[in-house]
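A short write-up of the structure that comes next.
Residue numbers (my numbering): 27 to 174.
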């Protein structure tokens, strides 16, 4: 049941991409902008959009320009935070699951996604003949696995 709710939630947020509208930062409500600047003071290359009832900002942080995507509700609450991470930033349980279930695969395009208190990890796994997109929870359980 939890997986179904998570899938519906992720699918619903995905639908907001259909009606996206680029906006300038000065069009973002001050409550959202203030919360964003407090949470991500070193954000660079920001790009704002309105997606349905949510405000989305894509930006980079750090020396290497790690990519982030954050969604805010109209009242300024952070709804979802997606960030590019390195393999070393995966939880040990996720790494153990990868090593057990995908021995010989290399990791690519790793993302940590937080919605409220729930955190999941999207990982692309590749070997010579196969590619998988896999979603793990923080305990290393596979929530979704599909061929790419």
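Glycine included, C-beta positions come from ideal geometry on N, C-alpha and C.
Closest in C-alpha terms to residue 103, from the list 163, 133, 63, comes 63.
In this structure, residue 65 keeps its C-beta atom at 8 Å or more from the C-beta atom of residue 80. Listed in chain order, the beta strand (DSSP E) runs fully inside the stretch 138 to 169 are 144 to 152, 157 to 163, counting runs of at least 3 residues.
Taking each of 52, 47, 161 in turn and checking the Cα distance to residue 134, the smallest one comes out for 161.
In the structure shown, residue 128 falls within a coil segment according to DSSP collapsed to helix, strand and coil.
In the DSSP assignment, residue 77 falls outside any alpha helix (DSSP H) and lies within the beta strand (DSSP E) extending over 70 to 77.
Cβ-Cβ distances below 7 Å link residue 71 to 85, 86 in the same chain, with the five nearest sequence neighbours on each side left out; the list follows chain order. Nearest to residue 47 by alpha-carbon distance, out of 57, 116, 74, 61, is 74. Assignment of residue 56 by DSSP, reduced to helix, strand and coil, places it in the helix class. Counted as a single uninterrupted DSSP element, the beta strand (DSSP E) harbouring residue 47 occupies residues 46 to 49.
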